[in-house]
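Note sheet for the following structure.
Residue numbers (the numbering used here): 1 to 167.
Structure (structure tokens):
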């Protein structure tokens with residue numbers, strides 16, 4: 001049996017049991033892409049960052065001109081990583097309320113609606129009482145719709161500080 005046939009055959013027929021090699025490949029590339037997001041100290045991450053996204057991060061990187069085969073392959077999994085990643089709130093001020101996934105909700109990680117005030121420039125830490133790690137409930141009620149207030153209040157915030165991080 002040839003290599004591809006052996007890989008695609010059912011396990012009971014001496015195969016590997018893969019139903020869709022393309023999806024398996026994307027999953028493996030997704031693991032590499034996740035390393036670019038979470039482990040910036042690895043040499044391969046530093047090399048790819050220097051070449052393809054020196055002033056940003058992997059999630060906002062583009063394919064660019066004359067990309068290598070490796071970069072083109074990893075970029076095929078960028079959307080997969082974007083859809084599965086969210087921010088854990090720490091003590092930094094970098095998470096934009098409407099731009100990043102941070103809500104701890106199975107239904108949707110985004111805020112659905114808002115009251116009269118514009119939230120597009122607000123950061124998540126604007127929802128906290130000044131100088132504390134406590135959410136400002138009055139501020140939330142004034143700026144969000146009731147459903148989103150409940151979702152924000154259920155979102156876990158890293159106690160004891162720590163950096164904002166992707167999980």
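For every residue, glycine included, the Cβ atom is placed at its ideal position computed from N, Cα and C.
Which word fits residue i, buried or exposed, when buried means at least 16 other C-beta atoms lie within 10 angstroms of its C-beta?
i	result
residue 148	buried
residue 103	buried
residue 124	buried
residue 144	buried
residue 121	exposed
Tell me, please, which residues DSSP counts as bridged to residue i.
i	result
residue 129	DSSP output for residue 129 lists no bridge partner at all.
residue 96	123
residue 165	88
residue 157	89
Give me the Cα-Cα distance between residue i and residue j, rounded to the nearest whole angstrom.
i	j	result
residue 67	residue 53	12 Å
residue 90	residue 20	39 Å
residue 76	residue 165	23 Å
residue 79	residue 26	10 Å
residue 36	residue 163	18 Å
residue 28	residue 64	22 Å
residue 126	residue 137	11 Å
residue 69	residue 30	15 Å
residue 85	residue 101	7 Å
residue 59	residue 43	18 Å
residue 131	residue 48	38 Å
residue 185	residue 87	What is shown of the chain runs 1 to 167, which leaves residue 185 out entirely.
residue 140	residue 72	42 Å
residue 50	residue 146	44 Å
Terminal residues of the continuous alpha helix (DSSP H) containing residue i?
i	result
residue 50	43-52
residue 143	137-143
residue 19	Run containing residue 19: none; DSSP gives neither H nor E here.
residue 150	146-154
residue 223	Residue 223 lies beyond the residue range present for the chain, which begins at 1 and ends at 167; the question has no answer from this structure.
Grab me the residues of residue i's own chain with a C-beta within less than 6 Å of its C-beta, minus the 5 sequence neighbours each way, in chain order.
i	result
residue 1	The pLDDT assigned to residue 1 is 46, lower than 50, so where the model puts this residue is not dependable; a value taken from the coordinates is nonetheless given after this. If we look at residue 1 and ignore the five residues flanking it on each side, it has no Cβ neighbours.
residue 61	52, 53
residue 111	148
Excluding five sequence neighbours on each side, which residues of the same chain lie with their C-beta closer than 7 Å to the C-beta of residue i?
i	result
residue 151	103, 105
residue 33	58, 74, 77, 78, 81
residue 38	166
residue 156	104
Can you list, in chain order, the residues of its chain whose CB lies under 8 Å from that of residue i, leaving out five sequence neighbours each side?
i	result
residue 134	128
residue 154	104, 105
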